[in-house]
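Participant: My questions all concern the structure below.
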Amino acid sequence: MCWSSGYEGRPGSRTRPRVGKLAVPERQDFVDSLHRSTPGEIPRILGRGESTLLIVDDDEHFADTLVVEFMDRGYSVEWLDGLQAVQNKSDLNYRFAVIDLRLGRDSGLDVIKVVKARSPSTVVAVLTGYGSSEIAVQALEVGASAFLTKPIDIDR
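Here you go:
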């Protein structure tokens, strides 16, 4: 399944997150970050809108919520529902990607590998409701820059 938008945001729709730079954490810092609450981390990691964003999540309702929230912040958003949809996509040139780790029978780690192989400059944030230190390290090793746990509060 695929959903795409060329939406550029509405002036004055919501306050946009402040601009921030992504710092790729050291492995121990990355693991330690799992033990902190991270509901408001997406704006800090991704910074300001007006950029392209890929969301890969098999939960259509949750993905739809993310799509709307990011569109309201000025992102051009595309949603894909799993590994096959990502593999079938001819162009994976996105500035950012938010990828769920559990995608039905697919692994988000495999999706990260495909995205990073075809677009090495894409900044990947992993999003999951089933976080562990081991899976976080694996995500970092295959190219993720951040590990976030569900549920999230984009405004925080």
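Per the numbering used here, the sequence shown starts with residue 257, numbered consecutively. C-beta: ideal position from N, C-alpha, C; glycine also. Only a predicted model underlies this, so the values are computations on that prediction, with no experimental measurement involved.
Once the 5 residues before and after A319 are set aside, which same chain residues still bring their CB inside 6 angstroms of it?
Facilitator: Position 63 of the sequence shown holds residue 319. Cβ neighbours of A319 beyond the five flanking positions: I311, D313 and W335.
Participant: Within 10 angstroms of the Cβ of R361, are there 16 or more other Cβ atoms? Answer buried if so, exposed if not.
Facilitator: Translated into positions along the sequence shown, residue 361 becomes position 105. Under this definition R361 is an exposed residue.
Participant: Tell me the DSSP bridge mates of F352?
Facilitator: In the sequence shown, residue 352 corresponds to position 96, counting from 1. Note: F352 sits in a beta bridge opposite L309 and V379.
Participant: What first and last residue would you give for the beta strand (DSSP E) that runs through L404?
Facilitator: Taking the first residue of the sequence shown as 1, we reach residue 404 at position 148. A400 to T405 is the span of the beta strand (DSSP E), which, as asked, contains L404.
Participant: Leaving out five residues on either side along the sequence, give the residues of the same chain with a beta carbon under 8 angstroms from the beta carbon of Y386.
Facilitator: Reading the sequence shown from its first residue, position 130 is the one you call residue 386. Cβ within range, chain order: L357 and R358.
Participant: Beta strand (DSSP E) containing L336: first to last residue?
Facilitator: Counting from one through the sequence shown, the residue named residue 336 turns up at place 80. S332 to L336 is the span of the beta strand (DSSP E), which, as asked, contains L336.
Participant: Around the Cβ of F401, are there at least 16 other Cβ atoms within 10 angstroms (buried) or fewer (exposed)?
Facilitator: Walking along the sequence shown from the start, residue 401 turns up at place 145. The displayed chain sequence assigns Ser, not Phe, to residue 401. Buried.
Participant: Which residue from S363, T378, T405 and A381 puts its Cα closest to that of A341?
Facilitator: Numbered from its first residue, the sequence shown carries residue 341 at position 85. Cα-wise, what sits closest to A341 is S363.
Participant: Which residue marks the beginning of the alpha helix (DSSP H) containing K369, and which one marks its end?
Facilitator: Residue mapping note: residue 369 aligns to position 113 of the sequence shown, counting from 1. Where K369 is concerned, the enclosing alpha helix (DSSP H) stretches over G364 to R374.
Participant: L396 by DSSP, collapsed to three states: which one?
Facilitator: Here residue 396 refers to the residue found at position 140 of the sequence shown. Helix, per DSSP.
Participant: Going by DSSP in three states, L322 sits in which element: helix, strand or coil?
Facilitator: Here residue 322 corresponds to residue number 66 of the sequence shown, with the count starting at 1. L322: helix per DSSP, three-state reduction.
Participant: Would you mind working out which of V354, Y350, V393 and A395 sits nearest R374, comparing C-alpha positions?
Facilitator: Counting from one through the sequence shown, the residue named residue 374 turns up at place 118. The shortest Cα separation from R374 among V354, Y350, V393 and A395 belongs to Y350.
Participant: Report the rounded CA-to-CA distance for G330 versus S307, giving the unit in angstroms.
Facilitator: The residue given as residue 330 occupies position 74 in the sequence shown. The residue given as residue 307 occupies position 51 in the sequence shown. Cα to Cα, G330 sits roughly 7 angstroms from S307.
Participant: Report the rounded CA-to-CA distance for D337 versus E316, giving the unit in angstroms.
Facilitator: Position 81 of the sequence shown holds residue 337. Position 60 of the sequence shown holds residue 316. Rounded to the nearest angstrom, the two C-alpha atoms are 8 angstroms apart.
Participant: According to DSSP, what are the bridge partners of L359?
Facilitator: On the sequence shown, position 103 is the one that residue 359 refers to. Its beta-bridge partners are D362.
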